Amino acid sequence: MLILNRKPGQTIHIGQGVILRVLSITATQVEIGIEAPKEVPVLRGELLDSVRKLNIQAVGAKPGEEQLTRMREFFKQK
Amino acid sequence: MTKIVHPLIGPLEYEEESVITFQEGIIGLEENKRWLLLQNPKHQPFQWLQSIDNPEITLMVIDPWIVRADYSLSISPEDQGRINLDHLQEREDWAVLCVVVFQNSLEETIINLKAPLLFNLKERKGRQVIMEGEEYQVEEPLFSESARRYRSEKKGV
């Protein structure tokens, strides 16, 4: 892993068009500005992790016939 | 005609043209690129997204507007463009479905409203996107008070 020391206002350029800028620092938090082309998705790591975890959990959690019937009851129209 | 076995529906045959390709996979299940969308009248309004690459992998999914009539989808033009949703004219050419995580108690059963699955049904392409903003959480109750209220109001009409 590449490790760089940066001060507020300084930047890191990644490939074509991705720029990270350190905006401010406190004791426990870094504020980072990100410039990236629209086709480059930028996501918080923990958000991606939680979606990943949930999808995997969903695969292993299937209702039985009886439970499914109860679930369907809830959405029955009239 | 190819055959796979679904845990609740049983053996099923499918045509190649009904396969939906998730080029980037579904988050956490990236090795599964080819999926079938199964609609069984006995399971409505729930549907199943069945991996062809691994028959043991099935996701229970539901149209988010059935759960929350006021569900608001905010997908960037870039995300829409990745599966050519921006080229579609007809409503029946696209679909949005959200993953349901079943728990033994219905109250604890959740739906992921934050990361819907988008489908271009015409080109048979799919993609899971994570929406920005604070409006929805990854884990929302499926049988929420608002859904319950909406249903009962609708029944009252």
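Line by line, the protein sequences are chains Z and D. Sequence positions in the first sequence follow the working numbering and run 120 to 197. Sequence positions in the second sequence follow the working numbering and run 26 to 182. Beta carbons are placed, not taken as given, at the ideal position from N, Cα and C, and that holds for glycine. If you're wondering where the values come from, they're calculated on a predicted model, not measured in any experiment.
query = Does the beta carbon of V159 (chain Z) come closer than 7 angstroms to any beta carbon on chain D?
reply = Judged by the 7 angstroms Cβ criterion, V159 (chain Z) is not in contact with chain D.
task = Anything in the segment 46-67 of chain D with a Cβ closer than 8 angstroms to a Cβ of chain Z? List those residues in chain order, please.
result = Legend: CB atoms of the segment 46-67 of chain D lying less than 8 angstroms from CB atoms of chain Z belong to residues I51, I52, G53, L54.
inquiry  = Rounded to the nearest angstrom, what separates E38 (chain D) and Q176 (chain Z) at their Cα positions?
reply    = Rounded to the nearest angstrom, the two C-alpha atoms are 26 angstroms apart.
Option nearest L166 (chain Z) by Cα separation, candidates D:P80, D:G53, D:L110 = For the residues D:P80, D:G53, D:L110, the minimum Cα distance to L166 (chain Z) belongs to D:G53.
key: G181 (chain D) to Q69 (chain D) span [Cα, whole Å]   = The pLDDT assigned to G181 (chain D) is 46, lower than 50, so where the model puts this residue is not dependable; a value taken from the coordinates is nonetheless given after this. CA-CA distance, G181 (chain D) to Q69 (chain D), rounds to 22 angstroms.
Close beta carbons around I153 (chain Z), own chain, < 7 angstroms, minus the five adjacent residues each side = These residues qualify, in order along the chain: L139, V161.
key: K197 (chain Z) classed as buried or exposed, judged by whether at least 16 other C-beta atoms fall within 10 angstroms   = Residue placement at K197 (chain Z) is flagged as unreliable, the pLDDT there being 37, under the threshold of 50; the coordinate-derived value follows with that caveat. Answer is exposed; the Cβ neighbour count stays below 16.
inquiry  = In whole angstroms, give me the CA-to-CA distance for I144 (chain Z) and D168 (chain Z).
reply    = So the alpha carbons of these two residues sit roughly 25 angstroms apart.
message = By the DSSP assignment, the beta strand (DSSP E) with F144 (chain D) in it spans what residues?
response = DSSP places F144 (chain D) in the uninterrupted beta strand (DSSP E) bounded by 142-145.
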